[in-house]
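K.L.:
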Amino acid sequence: MWFLLGVIAITATCINLAMYATGKDYKLAMAMGLSFTALTVVADYSMVSSWVEAEDWSALLDVVPIMAGALWMLTILSILLNITPILLELKNKNK
């Protein structure tokens, strides 16, 4: 589930940037990109929670250390990419 939500988040972010580049209203796509990013993190957390309940320690030891760093990096990247149009508008407005 987290993979599907992540793909949707990436797609929404690309749509956000494309809509800004073409001069269309991008705010809904931006909100969707950020929302699906949050849903991806929650879905991953739920998966890890189910492993804890099942006491699947080997899965936790294999996945959690790598996924923690990846989720931080991808979430920060998603936030930066999704707010880029707003930052560019502010920059152009102040010129």
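Here the sequence shown stands for residues 1 to 95, numbered as in the UniProt record's numbering. The beta carbon of each residue, even a glycine, is placed where N, CA and C say it ideally should be.
(1) For VAL42, tell me which candidate among LYS93, ASN82 and TRP72 has the shortest Cα-Cα distance.
(2) Rounded to whole angstroms, what's the CA-CA distance from ASP56 to GLY6? Just pull it up for me.
(3) Measuring only the C-alpha atoms, how far is VAL64 from ILE8?
(4) Under the three-state reduction of DSSP, which class applies to residue 99: helix, strand or coil?
(5) Can you tell me which of GLY23, SER35 and ASP25 puts its alpha carbon nearest to the alpha carbon of THR11?
(6) Near ASP25, what residues of its chain come up, given a Cβ to Cβ distance below 8 Å and the 5 sequence neighbours on each side ignored?
(7) Name the residue from TRP2, MET30 and GLY23 whose alpha carbon lies nearest to the alpha carbon of LEU80.
(8) Could you give the first and the last residue of the continuous alpha helix (DSSP H) run that contains THR37?
(9) From TRP2 to GLU89, what does the alpha carbon distance come to, in whole angstroms?
(10) Apply the 10 Å Cβ neighbour rule to SER78 and answer buried if 16 or more other Cβ atoms are within range, or exposed otherwise.
P.N.:
The answer reads as follows:
(1) Here residue 42 refers to the residue found at position 42 when the sequence shown is read from its first residue. Closest by alpha carbon: TRP72.
(2) By 1-based counting over the sequence shown, the position of residue 56 is 56. By 1-based counting over the sequence shown, the position of residue 6 is 6. Rounded to whole angstroms, ASP56 to GLY6 spans 24 Å at the Cα level.
(3) Taking the first residue of the sequence shown as 1, we reach residue 64 at position 64. Taking the first residue of the sequence shown as 1, we reach residue 8 at position 8. About 22 Å.
(4) Residue 99 lies beyond the residue range present for the chain, which begins at 1 and ends at 95; the question has no answer from this structure.
(5) What you label residue 11 is simply residue 11 of the sequence shown in a count that begins at 1. That would be SER35, whose Cα lies nearest to the Cα of THR11.
(6) Counting from one through the sequence shown, the residue named residue 25 turns up at place 25. Contacts found: MET19.
(7) Start at 1 with the first residue of the sequence shown, and residue 80 comes out as number 80. Taking only the C-alpha atoms, the option nearest LEU80 is MET30.
(8) Taking the first residue of the sequence shown as position 1, residue 37 is located at position 37. Taken as a continuous stretch (DSSP letters only), the alpha helix (DSSP H) holding THR37 covers 27 to 53.
(9) Within the sequence shown, numbered from 1, the residue matching residue 2 stands at position 2. Within the sequence shown, numbered from 1, the residue matching residue 89 stands at position 89. Each residue's alpha carbon lies about 32 Å from the other.
(10) As a working mapping, residue 78 is identified with position 78 in the sequence shown. Classification for SER78: buried.
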